[in-house]
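What follows is a set of notes on a single structure, which appears directly below.
Protein chains in written order, with the numbering used here: chain R, 77 to 456; chain A, 77 to 456.
Here it is in structure tokens:
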């Protein structure tokens, strides 16, 4: 899999962006996050490694005029890769060419402009640059609802990458967890998972490993130099990146044999996850799926002890994207969305969490992670 | 090498931060970039992988009161890892707890507060969050001069990591470039370099490979699926990450034998680089080092054709950090800085660029990259 899609993919995205601007009553948007400019132009890498000294900014108007502002030194590569053909360069390192962008917008008669202000988006420019743009514009609003409306729905070409990412993740999980031994540290296990995903062709890899009993209420992907002991649960959350798109998958193993209580909790969490997954389909909202999860957890007297703030989320160029599967999020679930489902309960027995990745189909969904939910036991 | 430093390292950094706030006449700073909160608290990973839904914010006052604001779900890990003991949690995903932070700052009587507004810093919160903080504060200034003043000077413990990162990078370059063959693509070469750095213990790896003649004016780390041909220069820019700290190193090889012109250009660039390196010492400014490079290039009729916007830069938790080695940057070079030197000329013969990493010592500097500057030839 190469990194760049065919031109048609970007042309289609730019068309949808224009339609969305018109529908939102915006004259233009200015986008600067590396993933977002890559999404619309095709210029960039699987992982964002651009220097903060050379921000890349796409100005796109509702009239269909697009201009891509990049540092002069990147022009040759941008010309080769970008589907946006109007390329403007700047020389000064460290800040966005706000004056040039404003001049472009004013020349196009743009008054209402969307910027990356909220909705989990981080602007790829400094706050001072965003201030400069705002001072020069008549009206500025947050562009995030519009961005997520587009990015939430995956095309066939995007789905193909996510499928490959999920397959590599599945394969590496099964191969590596079978080799798990006591004494290995969280960091060692994670490093091996990541290397093996790259070895199988991933363009990037992410993993998180939690061992031991003091593991409840522990999130956010930080691994330690702690060695796993006999009988302990090893929780693995991991994902390959293929062409920019992530898998986000979790399963658990026990070093030695699982206790009856560990098996019981894992089965309950897998049941609740399956109930949640069955609610991820057109016609439902993320709120309704979340309420179904809550009911299923209550029936089993399971506590959502991770406190992660959501039972699932969108998946794509980021490992966590909107929408959130949570009672306060009322996103309509639609065909082409890729969502995760991961209700979890973390007790002194370990971390019970069995994350599924699904793509929403016309009438339901399709599971992308094929690995069984049962605890892997290293002593057979 | 583990990821976390000893407590004393963080205590020392927090002390220096307090001193810098006092000196700058600021009552407090609020920092939210994942690298920055990791730098001061010790909570985080070698690579930043926190979810954008759960920003982490450190509020530090000139009176020495520090408060770390994190999502509730991360509390257990933060308590285990953070050198800042006052931990405040929030529940809502997606935005920073601006009200709680303002309450803390007001309770501490803070009026003048520094935020990440400029100076290549990107705030780890949304622009809307930064606006909320600004609306609630009497006076807000950019905290970046203060942040870079601290981060530019590396401690002994930081230098140890950078040395290890440079050693791994050197070793992998030499091992892999010897195996270079025509027909390999830029992406394949880069993937192997990265895997091999991880295999040797790096916590992260970055690489960029450029082949062929259409390679001038091509920067920013984007690799292609282009195969290298006989006689072509293969330019490699790469670096291992050890405990959060990067190497940033470049050399070149030729598939087959180098032409006399390729050898001549590489020697000239290596000479200019060496002259630039000799100017990186206490008593000089980055401007003076840049002017020495320009003079040396002019003498050899070399054009700085990359247009990268600087001859070198700082190195640390980011692969490119302030200061810039450039005539407009007048930073005083001081002991403990880690800087790169990379004047380059890119012609139809290839990309001639021989990046060195150095640490500034009491009276001069020490080279961290030990690999010879000469072009590797795969046909011996």
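Every residue, glycine too, gets a C-beta built ideally from N, C-alpha and C.
Taking 9 Å as the cut-off, the beta carbon of residue 299 of chain A is found closer than this to the beta carbon of residue 121 of chain R.
Any Cβ of chain A closer than 9 Å to the Cβ of residue 176 of chain R would place that residue at the interface, and such an atom is absent. 9 Å or more divides the Cβ of residue 154 of chain R from the Cβ of residue 134 of chain R. The straight-line gap separating the alpha-carbon atoms of residue 331 of chain R and residue 286 of chain R is approximately 13 Å.
Judged by DSSP secondary structure, residue 284 of chain R falls within the beta strand (DSSP E) whose first and last residues are 280-287. In terms of Cα proximity to residue 147 of chain A, the closest of A/399, A/392, A/234 and A/171 is A/171. In the three-state reduction of the DSSP assignment, residue 344 of chain A falls in the helix class.
Residue 93 of chain R is classed as buried because its beta carbon has at least 16 other beta carbons within 10 Å across all chains shown. A check of alpha carbon separations from residue 177 of chain A across A/187, A/209 and A/156 identifies A/209 as the nearest.
Contacts with chain R at 9 Å (Cβ-Cβ) include residue 274 of chain A. DSSP places residue 432 of chain R within a strand segment (E or B) once states are collapsed to three. Residue environment for residue 390 of chain A: buried (at least 16 other C-beta atoms within 10 angstroms of its C-beta). In the structure shown, residue 422 of chain A adopts extended strand secondary structure according to DSSP, grouped into three states.
When DSSP states are grouped into helix, strand and coil, residue 380 of chain R belongs to the coil group. Where residue 328 of chain A is concerned, the enclosing beta strand (DSSP E) starts and stops at 325-330.
Interface with chain R (9 Å Cβ-Cβ cutoff): residue 299 of chain A is included.
Distance from the CA of residue 187 of chain R to the CA of residue 80 of chain A, rounded to the nearest whole angstrom, comes to 49 Å.
Residue 83 of chain A has a beta carbon lying at 9 Å or more from every beta carbon in chain R.
Counting along the chain, residue 166 of chain A sits inside the beta strand (DSSP E) bounded by residues 163-166. The three-state reading of DSSP puts residue 268 of chain R in helix, counting H, G and I together.
Not one beta carbon of chain A lies nearer than 9 Å to the beta carbon of residue 357 of chain R.
Taken through DSSP and simplified to helix, strand or coil, residue 321 of chain R comes out as strand. With at least 16 other beta carbons inside 10 angstroms of its own, residue 426 of chain R counts as buried.
Secondary structure of residue 399 of chain A (DSSP, three-state): strand. Residue contact with chain A for residue 244 of chain R: absent (no Cβ-Cβ distance below 9 Å to any residue of chain A). The continuous stretches of alpha helix (DSSP H) do not include residue 306 of chain R, and DSSP gives it neither H nor E. If you check the CB distance, residue 236 of chain A and residue 325 of chain A do not come in under 9 Å. Assigned with DSSP and collapsed to three states, residue 199 of chain A falls in coil, not helix or strand.
Excluding residues up to 5 positions away in sequence, 138 lie with their Cβ nearer than 7 Å to the Cβ of residue 98 of chain A in the same chain. Counting only residues of its own chain and dropping the five nearest sequence neighbours on each side, residue 87 of chain R has a CB closer than 8 Å to the CB of 159. In the assembly as shown, residue 182 of chain R is an exposed residue. Its beta-carbon has fewer than 16 other beta-carbons within 10 Å.
The C-alpha of residue 215 of chain R lies about 23 Å from the C-alpha of residue 199 of chain A.
By the Cβ neighbour-count rule, residue 277 of chain R is exposed, with fewer than 16 other Cβ atoms within 10 Å of its own. Collapsing the DSSP output to three states places residue 408 of chain R in a strand. Contact annotation: residue 352 of chain R and residue 419 of chain R have beta-carbon atoms nearer than 9 Å. Annotation note: the stretch 198-229 of chain A contains the following uninterrupted beta strand (DSSP E) runs of length 3 or greater, listed N- to C-terminal: 215-218.
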